[in-house]
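Single-structure report; data block below.
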Amino acid sequence: MSIERTLSIIKPDAVSAGKAGAILQHFEDKGLRVVASRKMTLSRSQALAFYAVHKERPFYESLVEFMTEGPVFVSVLEADSAVSYHREVMGATNPSDASDGTVRALYGSSIERNACHGSDSLENAQIEIGFFFSGAELLA
Ligand code: GDP
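Residue numbers (our numbering): -3 to 136.
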């Protein structure tokens, strides 16, 4: 195992439900250290760019609409094998398939409104962290 960093987003459904604090606490309780975190509202162009990998998927426009409907918390989390471990703590994409006790099982309500995002590879984690945070913010 080696220490990694991953990009986590608490999505607008969870933030508007007042669950951002509980979810960040959940990550910390599971041993994911918060290196940096910011509350922000994604612009349409930011959401289009962040999810460009999905631009051919039928849900792309709906996902962009959802991700821009209100504030999110973007965070950099650190742990041993943080990329895969954070995805394990989040649970499956569809909350109805997510294991009991995972963030998506606890706070998600549909395959789209699933409370959180986590990078899916170390390479993408580095790209996604650089999308939101500068080097000076990542020294903690
Ligand atoms: P993730 O890595 O588990 O977040 O899943 P994906 O990379 O496959 O999808 C990105 C995001 O798009 C998911 O977290 C959901 O918010 C949304 N999404 C994925 N699949 C679907 C779908 O079939 N329908 C809709 N409406 N949204 C989806």
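From the three backbone atoms N, C-alpha and C, an ideal C-beta is built for every residue, glycine too. Since the model is a prediction, treat every value here as computed from it, not as a measurement.
Residues that DSSP places opposite residue i in a beta bridge
i   : result
G66 : Its beta-bridge partners do not exist; DSSP assigns none.
Residue i - DSSP class collapsed to helix/strand/coil
i   : result
D93 : helix
D76 : strand
L38 : coil
S58 : helix
Beta-carbon spacing of residue i, residue j below 8 Å
i    : j    : result
L28  : L73  : yes
F3   : S115 : Before going further, note that residue 3 is Leu rather than Phe in the sequence given. Yes, they are a contact pair.
G66  : S12  : yes
E133 : A32  : yes
Cβ neighbours of residue i in the same chain (closer than 6 Å, five flanking residues each side left out)
i    : result
I5   : V68, V70, H113
V85  : K26
A121 : T2, L3, V79, S115
Neighbourhood of residue i by C-beta distance below 8 Å, restricted to the same chain and skipping five residues each side
i    : result
R109 : K7, D9, F62
L38  : F46, M63, T64, V68
A16  : I6, A10, K35, F69
Which full runs of the beta strand (DSSP E) of 3+ residues lie inside the stretch 1 to 52, going along the chain?
Uninterrupted beta strand (DSSP E) stretches at least 3 residues long and entirely within the stretch 1 to 52 occur at 29 to 36, given in chain order.
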